[in-house]
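Peer 1: Pasting a structure below so you can have a look.
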Amino acid sequence: VVAGAHATGAPAAANASLVRAFASATARDDIDLFFWYDNTRARLLRASTETGAAESAVLELAPKATPYVLEVHFYSVDTAQPCRKFHFELAARPVTDVLPELLCPVPLPNDAAQVPPPRVLIDGDKEVG
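End of the sequence shown = 1245 in my numbering, gap-free, step of one.
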């Protein structure tokens, strides 16, 4: 494994926020995410270091005066591949906006076609598919 490039960003948190970072790469690459309390990198809040071409992490950040630091490390396994592609997403929303949606999804299903039936009967004599 050859260590590749890394990128550093500083998500802001003016209010208590839920932050989600997602990164993906080509099939033979690996990505790791590190959320730090500040740029001294002395206090690690969360690390997402699974092996594989996709990485995702969600954490709650409290408001503070200095920015948090998010490090994204890309590791190339297949160095012979000429053009590797990486995808990155970062989303942050106030906790006060997210919690009500966890209790009651928005929009609520309002059509019988969107809600599964209360029971399903399968005839064992018929082939499905």
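Yeah, the Cβ is synthetic: ideal placement off N, Cα and C, and Gly gets one too. Nothing here was measured: the structure is a model prediction, and the numbers come from that model.
In terms of residue numbering, what span does the alpha helix (DSSP H) encompassing V1214 cover?
Peer 2: V1211 to L1219
Peer 1: Once the 5 residues before and after D1154 are set aside, which same chain residues still bring their CB inside 6 Å of it?
Peer 2: T1182
Peer 1: Classify L1186 as helix, strand or coil using the three-state DSSP reduction.
Peer 2: strand
Peer 1: Please check the pair L1175 and R1157, which I expect to be a contact at CB under 8 Å, by giving their CB distance rounded to whole angstroms.
Peer 2: Rounded, the Cβ-Cβ distance is 16 Å, inconsistent with contact.
Peer 1: Please report the distance separating the alpha-carbon of T1195 from that of E1217.
Peer 2: Using only the alpha carbons, I get a separation of about 43 Å.
Peer 1: Taking the CB atoms as reference points, tell me whether L1149 and S1164 lie closer together than 8 Å.
Peer 2: yes
Peer 1: With 16 other CB atoms within 10 Å as the buried threshold, where does E1205 fall?
Peer 2: E1205 comes out exposed.
Peer 1: Extract the residue ranges of the alpha helix (DSSP H) inside the segment 1144-1176, only unbroken runs of 4 or more that lie entirely within it.
Peer 2: Fully enclosed alpha helix (DSSP H) runs of 4 or longer: not present.
Peer 1: May I ask you to report which of helix, strand or coil DSSP gives A1181?
Peer 2: coil
Peer 1: Taking 7 Å as the limit between beta carbons, can you name the residues of its chain near V1214, skipping five residues before and five after?
Peer 2: L1134
Peer 1: Between R1209, C1199, R1200 and A1143, which lies nearest to A1078 when the distance is taken from Cα to Cα?
Peer 2: Residue numbering for the chain in the displayed model covers 1117 to 1245; residue 1078 lies beyond these limits and cannot be assessed.
Peer 1: Helix, strand or coil: which one does DSSP assign to V1236?
Peer 2: coil
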